[in-house]
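Asker: Right, I'll just put the structure down here and ask away after.
Numbering (the UniProt record's numbering), first residue to last: 1 to 261.
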């Protein structure tokens, strides 16, 4: 005979109906809702919960837990200006682009002064009018190629292609990578959580460990609260038993006194 199954309304897992009561008693005492992500987990598996849910979903720029990276816009993430290719933080990039787009550059084809924000459209028109075809120019080194496919292949390996530093998260040219990594990784910065000074090359790992310790501490507090509740309940039961025994003694004594009269 096949087992009948039901869904536990606490942990939302499928369980056998034959074990429903036993499971719910265990679940009520041991299932906890995470204050950070809202997911429920067994308090005996908090380490696994942090490793599997929190750390992979922690933003590497602001170190916050993110439920959906597709809609997360981090104020600490650097962005490239589409006109000058310089980098600015998210809360600075729009103001910069407004000013940068109004700056002028000299077109190398027609030698007219053109606004930065009109550069792409103007350059294509100039190339067709003067050269008779569109040039595909590498945005990193300025080399001209004969097709868009060759441009894509070239830009993927261009030695001037920006490289994202894993320590400061700003982009640097590939040819300067080794020197920058050596310098940048040896600097110190303050941990956002424990305020300790740590070497930048170890900061990401250190801060993720800080997050893990913080979450573990919260889990331990919750676990202790559950233990305290169980102990209080046990003490209450013992007190109730002692009280009932005492009242029974009082009643028996009253009955004896009544009979003696």
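By construction, the Cβ of each residue, glycine as well, lies at the ideal position given by its N, Cα and C atoms.
Please read all numbers here as calculations on a predicted model, not as lab measurements.
1. Starting from residue 90, trace the beta strand (DSSP E) in both directions and tell me its first and last residue.
2. What is the C-beta distance between residue 132 and residue 117, in whole angstroms, given that I count them as a contact (C-beta under 8 Å)?
3. According to DSSP, is residue 183 helix, strand or coil?
4. Just the Cα atoms here: how many angstroms apart are residue 1 and residue 48?
5. If you check the beta carbons only, do residue 155 and residue 140 fall under 8 Å apart?
6. Which residues bound the alpha helix (DSSP H) around residue 28?
7. Just to confirm, does residue 175 get its C-beta within under 7 Å of one of the non-hydrogen atoms of the ligand ADP?
8. Looking only at its own chain, which residues have a Cβ that is under 8 Å from the Cβ of residue 55, when we skip the five neighbours before and after it?
9. Following the continuous beta strand (DSSP E) through residue 198, name the residue where it begins and the one where it ends.
10. Let me know if residue 46 comes out buried or exposed under the rule of 16 or more other beta-carbons within 10 Å of its beta-carbon.
11. Is it the case that the Cβ atoms of residue 138 and residue 158 are separated by a distance below 8 Å?
12. Do residue 146 and residue 160 count as a contact pair if the criterion is CB distance below 8 Å?
13. Considering only the alpha carbon of each residue, which of 43, 40, 192, 183 lies closest to residue 201?
14. Could you have a look at residue 148 and say whether DSSP puts it in helix, strand or coil?
15. Among 78, 53, 60, which residue has its Cα nearest to the Cα of residue 67?
16. Where residue 86 and residue 80 are concerned, what is the direct C-alpha to C-alpha distance, given to the nearest angstrom?
17. In three-state terms, what does DSSP make of residue 123?
18. Could you give the first and the last residue of the continuous beta strand (DSSP E) run that contains residue 164?
Answerer: Considering the structure as presented:
1. Position 90 of the chain shown, counted from the first residue, corresponds to residue 90. Boundaries for residue 90: no beta strand (DSSP E) harbours it, while the alpha helix (DSSP H) harbouring it runs 90-100, taken from the DSSP string.
2. Within the chain shown, numbered from 1, the residue matching residue 132 stands at position 132. Within the chain shown, numbered from 1, the residue matching residue 117 stands at position 117. Rounded, the Cβ-Cβ distance is 26 Å, inconsistent with contact.
3. To locate residue 183, count along the chain shown from 1; it is residue 183. DSSP places residue 183 in helix when its eight states are reduced to three.
4. For the purposes of this step, residue 1 is taken as the residue at position 1 of the chain shown. For the purposes of this step, residue 48 is taken as the residue at position 48 of the chain shown. Its pLDDT being 44, under 50, residue 1 is placed unreliably in this model, and the coordinates cannot settle the point.
5. As a working note, residue 155 is residue 155 in the chain shown. As a working note, residue 140 is residue 140 in the chain shown. The criterion of a C-beta distance shorter than 8 Å is satisfied by residue 155 and residue 140.
6. Counting from 1 along the chain shown, the entry for residue 28 is found at position 28. Unbroken alpha helix (DSSP H) run through residue 28: 20-30.
7. Among the ligands in the structure shown, none appear at all, so the ligand ADP cannot be discussed.
8. Sequence index remark: in the chain shown, residue 55 carries index 55 (1-based). Here the set comprises 208, 211, 212.
9. As a working note, residue 198 is residue 198 in the chain shown. Unbroken beta strand (DSSP E) run through residue 198: 197-199.
10. Stepping through the chain shown from its first residue, residue 46 is reached at position 46. Residue 46 should be labelled buried.
11. Position 138 of the chain shown, counting from 1, holds the residue named residue 138. Position 158 of the chain shown, counting from 1, holds the residue named residue 158. Between residue 138 and residue 158, the CB-CB gap stays under 8 Å.
12. For the purposes of this step, residue 160 is identified with residue 160 of the chain shown, where counting begins at 1. For the purposes of this step, residue 146 is identified with residue 146 of the chain shown, where counting begins at 1. For residue 160 and residue 146, no; Cβs fall outside 8 Å.
13. The sequence position of residue 201 within the chain shown is 201, counting from 1. The shortest C-alpha separation from residue 201 is found at 183.
14. Taking the first residue of the chain shown as position 1, residue 148 is located at position 148. When DSSP states are grouped into helix, strand and coil, residue 148 belongs to the helix group.
15. Counted from its first residue, the chain shown places residue 67 at position 67. Nearest option by C-alpha distance: 53.
16. Against the chain shown, residue 86 aligns to sequence position 86. Against the chain shown, residue 80 aligns to sequence position 80. Cα to Cα, residue 86 sits roughly 6 Å from residue 80.
17. To locate residue 123, count along the chain shown from 1; it is residue 123. Looking at residue 123 - three-state DSSP - the assignment turns out to be helix.
18. For the purposes of this step, residue 164 is identified with residue 164 of the chain shown, where counting begins at 1. Residue 164 -> beta strand (DSSP E) spans 162-164.
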